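Residues 1 to 106 in the UniProt record's numbering are what the sequence shown spells out, letter by letter. Even for Gly, the Cβ is constructed at its ideal location relative to N, Cα and C. All figures in this text were calculated on a predicted structure; none of them were measured in a lab. Written below as structure tokens is the structure these notes are about.
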Amino acid sequence: MISEDPLSGDQLTELERLTITLTAELSDTIKAAVNEGDYASASEVIREALREWKLRRELRQEELAALKADIDQALNEVAAGRLSEFNRDRIVERVRKLLAARKRAG
């Protein structure tokens, strides 16, 4: 079945029907979004939520890859004898900023 996503206008070449089980709270949230006119259907709410989840997941993967690259670079510098002074406070502050940014991003 070919359809068009009403939110993004993207053409959906293949749709698959899935049945999901939600808590009453999540179900009520979805129903409220539809009743308030934010979405035409519960399916639209779920599709948008999944698109956003997918983007956040991809971002986390990119962040993890960047962290691994930083670690590899540091290990290579250590192996080459290029060491810098260890600054615990600077590292802790950097981690706190990264965690705060991740928390704000959802």
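Taking 8 Å as the cut-off, decide whether the C-beta atoms of R57 and G106 are in contact.
no
If you check the beta carbons only, do A33 and Y39 fall under 8 Å apart?
yes
L18 versus L59: straight-line alpha-carbon distance, rounded:
26 Å
Check: V92 C-beta below 7 Å from any heavy atom of the ligand GDP:
What this structure holds is no ligand at all, so the ligand GDP is not there to describe.
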